[in-house]
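Position one of the first sequence corresponds to residue 0 (numbering that gives the first Met the number 0), numbered consecutively onward.
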Amino acid sequence: MRYPNLKTLIASLQSCAQTSNLTRGKEIHAFMLRNGFFLSSPLSTTSLINMYSKCNSMTHALTVFDTTLTQHQNVFTCNAVIAGFIANGMPKPALEFYWDIRFSGIMPDKFTFPCVIKACSDAQECLEGRKVHGLLFKFGLELDVFVGSALVHLYLRFGFTEEAYQVFDELPVRDIVLWNAMINGFAQTGQFGSALEVFKEMGEEGVVPNKFTVTGVLSAMSMMGETNNGRAIHGFVIKMGYDSVLAVMNALVDMYGKCKCLKDALEIFETIPEKDIFSWNSILCVHEQFGDHHGTLGLLDSMLRAGVKLDLVTVTTILPACAHLAALMHGREIHSYMIINGLAKDDDGSFDDVYVKNAIMDMYAKCGSMREARLVFDKMSYKDVASWNIMIMGYGMHGFGSRALEMFSNMCEADLKPDEVTFVGVLSVCSHVGLVRQGQKFLAQMDSQYGVVPTIEHYTCVIDMLGRAGQLEEAYELVSTMPIEATPVVWRAFLAACRLHGNAALAEVAAQHLLELEPEHCGNHVLTSNIYGGVGRYDEVSEVRLTMKQQNVIKEPGCSWIELGDGVHVFVAGDRRHSEDYLIYAGLNSLMLACMSLDICLVSR
DNA sequence: GTAGGGTTAG
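Below is the structure:
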């Protein structure tokens, strides 16, 4: 083999960087040290730093820099270090390094600033970014499109729309990356309308969107419910061949899901050959958007079986599904997964996402395990209003009225301001425990003492509470005098109370309101006919039944489900579709027999 | 020899 020259060595280092071949890179480094190449120029230093940073070894990259002769440290080597820090997710050290070289006499150039601005953005140092922006004029780089797109990205990310537009408007050359920085910057900060406006403007200037543009635009369209435009982009994606780009396909799945096109979303998901965590998360969200919690849990099982690593987005999608289905086993499984995989680590203070903790607590509370909910709650270093609300609601829901109210006092003592949700919790507690006077007091104090204006939900709780306690006249008075119009929910609660306490006259008033507000709701007809039947007015009963037939009101069967092992089993009355229905009915029969012999009624009436 | 822009949850 010919003795290698510097040019071939650098080419070899580049190939190591591209293939992340650290071992080979080290061998070449050692060869260079032995043969004196290392000292030859800043060029070899830069190539080595690049190789090490692309192989994710910043320690080695820094060693190379630190052991280089000072005269061989120039703007190339410095830029390589800064870029290396950023590529390895270390924006703060990148900035510190930049500050160091500002003092060392090395002048930054047009390659330095895009990196430094990106570092400011990644490190959430917007003010520092503005300082760098000011410095650009000194170097005559304020009109550089690379610097400009980094600035636009930074400004939009931190909500400085005017500054972003100022940079954008003044740039003499607008390339695709700059347009993308504008479009995606808006899309990522929830300004979807602006994102689509800029996208339109870009088209008018004849700039062709690339794969980065379409992902951002699809995200904005999905949020705006722009199905037709989303479909148009889908066509464009196929025409341009972007359908081989994973991020683009994931964005399409998400767009169709959010635009309620379930079939299209599922079809695209199936065509993705190598799915990543985004694909899975997107399809999970699609199932959740369609209220298919069972589907979400089914997918979770497939994901775990396929060995997919779940992330925070996955668990924050799945936990509410568990809560909804009261699927405690699945919920526990997710919680332990998070602990094992460090997704919820907080012992070292590095991660304590209150939102995720609330999702875990809410799952335990809704699944009936207040003990586990409390364990999470007590360990939280920072609790927000939602955290307290979940505990109040949970205790109330499971019959621990006094604990729920105790939580409320503790919350106020902790100087947290209760919100609308808190009072829904507190008032339902009073309703369930029968603390009528206390409940009325809360309703009266809500606005005056806590600054929370009562909504229909709060009135519903109090009306329900008065009704349950048999104070029907007072409940009716509140329905008639409250500043908000009564909803069907209010009338149904009131009607149930009238039936419970045998007040046919008020029940009839409620029933009439209900039939007027919701003629298509089968339950209202059934309730009304029960009222008439209860007081022997059978003519009216037949009348209601006839109306139901004429208006084609169909009663949807209610269903029930149970979580068992790794699955959730759904049943309706008289259902024989389950694969083990023989065993189920045999079990049920023996229970019935046992109950009959003990004179217990198994089915509540 | 070096640089800027992308998708998912609440």
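Using N, Cα and C, we set each Cβ at its ideal position, and we do this for glycine too.
Who are the near neighbours of residue i in its chain, counting only those whose CB is closer than 7 Å to its CB and skipping five residues on each side?
i	result
S603	Model confidence at S603 stands at a pLDDT of 37, short of 50, so the residue's coordinates are unreliable; what they give is reported in the following sentence. Once the five neighbours on either side are set aside, S603 has no close Cβ partner at all.
E242	Correcting the residue identity first, residue 242 is Asp in this sequence and not Glu. Result list for D242: V236 and M248, in chain order.
D346	Unreliable placement is indicated for D346, whose pLDDT of 46 sits below 50; the coordinate value is still reported in the next sentence. The answer is none, since no qualifying residue turns up.
R402	Y394
H152	S120, A180 and G184
D286	It is worth fixing the name first, because residue 286 is His in this sequence and not Asp. Excluding positions up to five away in sequence, the list reads G294, T295 and L298.
K117	I85 and A149
S193	F185
V131	F112, V115, I116 and C119
F110	N78
P518	Q550
F96	V80, I81 and F84
L170	L142, V144, G147 and L177
For the candidate residues the options, whose alpha-carbon lies nearest to that of residue i?
i	options	result
G424	D414, Q437, K440 and N388	N388
Q190	L426, I267, G158 and V166	G158
A82	R101, K53, T62 and S103	K53
L318	I359, C284 and L514	I359
V314	G306, G469, Y336 and V428	Y336
N523	A506, G535, D538 and V534	A506
L261	I282, R498 and K238	I282
I605	R33, G35 and I27	The chain is shown from 0 up to 604; residue 605 falls before or after that span and cannot be answered.
R491	Q72, L327, L514 and I9	L514
A163	S218, A503, F110 and C125	C125
A385	L404, L374, K416 and G240	K416
G341	G202, L309 and I391	L309
R129	F96, V166, P107 and G139	V166
For the alpha helix (DSSP H) containing residue i, list its first residue and its last residue.
i	result
G533	C521 to G533
T22	L21 to R33
Y336	L327 to I339
Y97	P90 to S103
T421	E419 to V432
E473	L471 to T480
Y609	Only positions 0 to 604 of the chain appear in the structure, and residue 609 is not among them; the question remains open.
F191	F191 to E203
C460	I455 to R467
I271	Premise fails: I271 is in no alpha helix (DSSP H) and is neither H nor E.
M547	Y537 to Q549
M181	I175 to Q187
V74	V74 to A86
E579	Careful: E579 lies outside any alpha helix (DSSP H) and carries neither H nor E.
K109	Careful: K109 lies outside any alpha helix (DSSP H) and carries neither H nor E.
I48	P41 to K53
V552	Run containing V552: none; DSSP gives neither H nor E here.
Measure the CB-CB distance between residue i and residue j and report whether it falls below 7 Å.
i	j	result
G393	M362	no
L251	H233	yes
M369	H334	no
P487	L516	yes
D84	A93	Rather than Asp, the amino acid found at residue 84 in this sequence is Phe. Contact: yes.
P90	A122	yes
V80	F64	yes
S221	D253	yes
C411	S430	no
V552	S528	no
L12	S46	yes
L494	A504	no
V172	V144	yes
I182	F198	yes
Within a Cβ cutoff of 6 Å, which residues of the same chain sit near residue i, ignoring the five residues on either side of it in sequence?
i	result
A364	A372, I389 and G393
I100	C77
M445	F422, V451 and P453
C15	R23, G24 and M50
M379	K356
G400	V428 and V432
V353	Y381 and D383
T67	T44
I530	A506 and A510
Q288	G256
Report all residues from its chain with a CB closer than 8 Å to the CB of residue i; omit the five preceding and five following residues, and keep chain order.
i	result
A325	K365, C366, G367 and E562
D351	D345, M379, S380 and Y381
E456	E419 and V423
I105	Q72, N73, V74 and C77
N588	none
task: Output the residue ranges of the beta strand (DSSP E) runs that lie fully inside the stretch 222 to 254 and measure 3 residues or longer, sorted by chain position.
output: none
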